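2 protein chains.
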Amino acid sequence: MNQRSSGYVASAAVFQLLAHASRLHILDELRRRPACVCHLQAVLGRPQAYVSQQLRVLREAGVVVDEKDGLNVYYRIVDGYILRLLEETLGPAEPVQCVAGCPCPHCTGSTGCCS
Amino acid sequence: MNQRSSGYVASAAVFQLLAHASRLHILDELRRRPACVCHLQAVLGRPQAYVSQQLRVLREAGVVVDEKDGLNVYYRIVDGYILRLLEETLGPAEPVQCVAGCPCPHCTGSTGCCS
DNA sequence: ATACTATATGCAGTAAAGTGCATGTAGAGT
DNA sequence: ACTCTACATGCACTTTACTGCATATAGTAT
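If you're matching them up, the sequences are chains A and B in order. Be aware that the first sequence starts at 57, since it is given in the numbering used here, and climbs by one per residue. Be aware that the second sequence starts at 57, since it is given in the numbering used here, and climbs by one per residue.
Written as structure tokens, this is what we have:
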């Protein structure tokens, strides 16, 4: 075991987080702007519990943090290194857009993300 | 399924390849210079069959290619995108070095990698 | 041909991750 | 206090990946 071995294990753990289509989708959405769970649920078209579980994985890895705002919990990316990997892999983030059928404050227009 | 969904699956597959300490170690070694299996075996300190299996995964994914030279089979990275991810993650490649106990032509000095 | 070296492959057991569902919690409104 | 909404958690099940070992192949040399 040379001095770089632990680095391989750590790096592999980071890649493991990204080696998952749903988590990639979540992170791609979060880099556009912080989003609540119900928004991600609408974007992914997956059950809420499923989305929460993937968010937990990302949260426990320190990649995202959650912030409560009333009933909603907003998640955002706090790891700049992850952002660079996303940019390298998926290209630049797409502009913010509303999601049809999403009940969250951002998408129902009260805070106005739709032009 | 939006038009980006297939991209998430494909990207996740790439990250899956890198989400493995031994494969990262192999790729980190290969970016210094192409290497034969026995060299990687010496570097990793793992059984030959194990190294070959990880190489197969990388080969079938199109990340590395193999070239026969006599009895030896040399592998090298052919995916520039992977190289960029490695650079982003592990930093710049370290200089070429000989491995004690490695029987390959490069390390036994006949082709001279050791100064 | 035989034997040796370098590498590849197949298979089985084990460990880990992914998935779905039921249920728990906590804040907001009435 | 009750209820509703948004979200979290725990658990069982399934699937996938990792690992080790035995064995196969292919080139080289004698």
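Backbone N, C-alpha and C define an ideal beta-carbon position, used for all residues, glycine too. None of these values were measured; they are calculated from a predicted model.
Bridge pairing for Cys92/B: Tyr130/B [DSSP]. Listed along chain B, the residues sitting closer than 8 Å to Gly63/A by beta-carbon distance are Leu146. Between Val113/A and chain B, the shortest Cβ-Cβ separation is not below 9 Å. Sequence-distant Cβ neighbours of Leu96/B in its own chain, meaning closer than 7 Å and more than five residues away, are Ile82, Glu85 and Val107. Judged by their CB atoms, Leu73/B and Leu114/B are nearer to each other than the 9 Å cut-off. Val120/A is outside the set of residues whose beta carbon lies under 9 Å from a beta carbon in chain B. Within the stretch 129-156 of chain A, Arg140, Leu141, Glu144, Thr145 and Leu146 place their CB atoms closer than 7 Å to a CB of chain B, listed in sequence order.
Relative to Ala149/B, the option among Ala156/B, Ile138/B, Ala75/B and Val129/B whose CA is nearest is Ile138/B. In the three-state reduction of the DSSP assignment, Asp135/A falls in the coil class, being assigned neither a helical nor a strand state. Chain A has no Cβ within less than 9 Å of the Cβ of Leu96/B.
For Gln72/A, the nearest beta carbon of chain B is closer than 9 Å to its own beta carbon. Counting every other CB atom within 10 Å of its CB across the protein chains shown gives Thr164/A a total below 16, marking it as exposed. In this structure, Arg102/A lies away from Val120/A, with their beta-carbon atoms at least 9 Å apart. Val152/B sits in coil when the DSSP states are folded into three classes, being neither helix nor strand. Scanning Ala77/B, Gly157/B and Cys158/B for the CA closest to the CA of Ser62/A turns up Ala77/B. Between Ala68/A and Arg112/B, the C-beta gap is not smaller than 9 Å, which leaves the two residues out of contact. What Ala68/B touches in chain A, judged by beta-carbon distance under 9 Å, is Leu74, Ala75, His76, Ala77, Ser78, Arg79 and Leu80, going in chain order. Counting only residues of its own chain and dropping the five nearest sequence neighbours on each side, Pro159/B has a CB closer than 7 Å to the CB of Cys94.
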